Structures are given as C-alpha cells and as structure tokens.
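Heads up: the structure comes next, in structure tokens.
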Amino acid sequence: FVVVALIGLGMVNDRVQTIAVDGNQSMELAYEMQGRLFSIGQHANNAMLLEEIARQRQAQAAAIENLESYHAGELRLSRQLQDARAQSALKALSVARQDGEASLTHFFGLIQEGNRPEIEQFFADDFQPKMLKWQDQVGVFLKTQKSLVDAAMLEIEEIGENVRLIFFSLIA
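So, in structure tokens, the structure goes:
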C-alpha cells in the first residue's frame, strides 16, 4: 500500500508540473501573443489613418516589431506543447497567422502606394476579416489550453483522493 501511495504522489507531482509549468506558461505566452496581435491591428489602423509618410512608416515598424515578438512566442509554444489537441490548435492558429500576415504585408504595400480608397477597401474586405480570424484562433488555443489544465486539475484531485483512501486504509 505504501508503494502504491508513493506512486500516486509521484503521479500528482507530474500533473502539477504539467499544470504549473507547461499549461500556465503556454497560456501566458498565448495571452502575450494576443496582446501583440491587438497591437499589430492598432498600428495598421493608425498607418491607414495617418497621412504623413514618416508616421506611417513608424506605425509599420511598430507592427513588424510586434509581429516578430508574436513569432517568437509561437515558436516557443511549438517547442513546448506536448498534447495533441494543443498542437492541433496551434497549427490552426499558425494557418490563421499566415493568412493575416500575408494580408498585413499587402496592406502596408498599399499604404506605401497611397491609394486611399483602395487601402480602405482592402482593410474592410481582406485585412480586418483575416485579423479577426487570427484573433479567434488565439481564443480557440486559449480555450484548448484551459480545458487541458482543467482536466489535469481533475486528474490531480482524483489521484489525491485515491492516495488519501490508501493512507486511511493503512491507518485503519
């Protein structure tokens, strides 16, 4: 019984590692990426509204800087995720990011050309929907991570209860 109880405690420790380190770090990274994505959209919107070329370029540079930080977060996630559901959610997120990134590149190309009606049309028809889809996929990833953490918490609770029962059996 003691050996079984110790094995149960080891299992609890493994699950706590999954939650405390892996799950929480992944969620923290995803929230940071979500913030970067909001900033990218804000800088793109600013670039569209600004008329001074120098300020448009500043907005573009800020958007690119946020995109690079976003990429770093996505790369870190891809290296640390173990669960197949989380990996699948990250893959869908990556696809949405690629679409949004291509749209962002084209958008800033239009800004440099300076054709305001074409810029506004592209923003409404292409850029904004792709950014929203990208945001939605970040949300899906976060929900997936939360469900994995919740499931691990339930598993810890169940293992802990079994260990308590074993200890009570030893005492009785």
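For what it's worth, our numbering labels the leading residue of the sequence shown as 272, then goes sequentially. Every residue gets a Cβ at the ideal spot worked out from N, C-alpha and C, and that includes glycine. Treat the numbers as computed from the prediction; the structure is a model and nothing was measured.
Extent of the continuous alpha helix (DSSP H) run through residue i
i    : result
D370 : 355-384
F393 : 387-393
Secondary structure of residue i, DSSP reduced to three states
i    : result
E323 : coil
L248 : A query on residue 248 cannot be resolved here, the shown segment of the chain reaching from 272 to 443 and no further.
Cβ separation of residue i and residue j, assumed to be a contact under 8 Å, to the nearest whole Å
i    : j    : result
I311 : A334 : 5 Å
A301 : F412 : 5 Å
K404 : A367 : 5 Å
M298 : E345 : About 14 Å separates the two Cβ atoms, so there is no contact after all.
G444 : L419 : Because the chain in this structure spans residues 272 to 443, residue 444 falls outside the shown range and cannot be described.
Q408 : L364 : 4 Å
G371 : K401 : 5 Å
Is there contact here, the region 415-431 with the region 343-363, by at least three beta-carbon pairs under 8 Å? Judged by pairs of C-beta atoms under 8 Å, the region 415-431 touches the region 343-363, as three or more such pairs exist.
Examine the Cβ distances between the region 386-401 and the region 341-350 and report whether three or more of them are shorter than 8 Å. Counting Cβ pairs under 8 Å, fewer than three are found: no touch.
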